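My numbering numbers the first residue of the sequence shown as 69 and each following residue consecutively.
One structure is given here, and the rest of the page talks about it.
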Amino acid sequence: MAALKGSKTEQCLKDAFAGESQANRRYLYFANKADVEGQNDVAALFRSTAEGETGHAHGHLEFLEQSGDPATGLPIGSTRQNLASAVAGETHEYTDMYPGMAKTARDEGFDEIADWFETLAKAERSHANRYQKALNELVD
């Protein structure tokens with residue numbers, strides 16, 4: 069069998085995973101909005117579809133185990149690998165991604181958004197620490 073890593077098919081899987089993951093989150097957000105508006109049937113439709121999108125995303129991710137986490141490039145599959153990749157992803161978010169986004173937002177005059185990004189950086193640091201603790205304590 070051909071190697072998936074570096075192939076166009078790998079990129080297709082990464083793109084599809086990102087799209088399905090974003091659809092899931094958007095539809096759950098839309099469901100909450102529909103709930104607020106009293107549109108219970110529409111909210112249920114959004115939630116049901118979001119669950120389907122999760123299944124699609126998981127299918128893509130299962131294939132991507134052959135080449136690594138689409139977010140970090142690290143191996144995934146086992147709990148140990150998944151925790152290590154989660155630590156790396158969360159660490160990137162609190163050390164690079166959100167601080168950079170906060171600076172951009174502040175430079176452009178979007179102080180409220182910059183504050184939001186800075187708050188999220190703190191949350192991501194907490195996530196990274198929790199994953200690292202679990203990884204340190206993991207018994208194989």
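Don't be surprised by glycine CBs; every beta carbon is placed ideally from N, CA and C.
A quick note: this is a predicted structure, and the numbers were derived from the prediction, not measured.
Within 10 angstroms of its Cβ, does residue i collect 16 or more other Cβ (buried), or is it exposed?
| i | result |
| --- | --- |
| threonine 77 | exposed |
| valine 155 | buried |
| alanine 112 | exposed |
| tyrosine 95 | buried |
| tyrosine 162 | buried |
| glutamate 176 | exposed |
| histidine 126 | exposed |
Does DSSP classify residue i as helix, strand or coil?
| i | result |
| --- | --- |
| glutamate 105 | coil |
| aspartate 83 | helix |
| serine 89 | helix |
| threonine 140 | coil |
| alanine 170 | helix |
| valine 207 | coil |
| glutamine 149 | helix |
| serine 75 | coil |
| glycine 177 | coil |
| serine 116 | helix |
| serine 135 | coil |
| alanine 70 | coil |
Using 9 Å as the limit for Cβ to Cβ distance, is residue i near chain C?
| i | result |
| --- | --- |
| threonine 117 | Among the protein chains of the structure shown there is no chain C, as only one such chain exists. |
**OP:** Flag this pair as touching only if the stretch 115-134 and the stretch 157-169 have three or more C-beta atom pairs under 8 Å; answer yes or no.
**Re:** No: fewer than three Cβ pairs fall under 8 Å.
**OP:** Specify whether the stretch 95-113 and the stretch 146-155 touch according to this definition: at least 3 beta carbon pairs, one from each stretch, less than 8 Å apart.
**Re:** No, they do not touch.
Original post:
At a cut of 8 Å, does the stretch 129-136 reach the stretch 193-201 through at least three beta carbon pairs?
Top reply: No, they do not touch.
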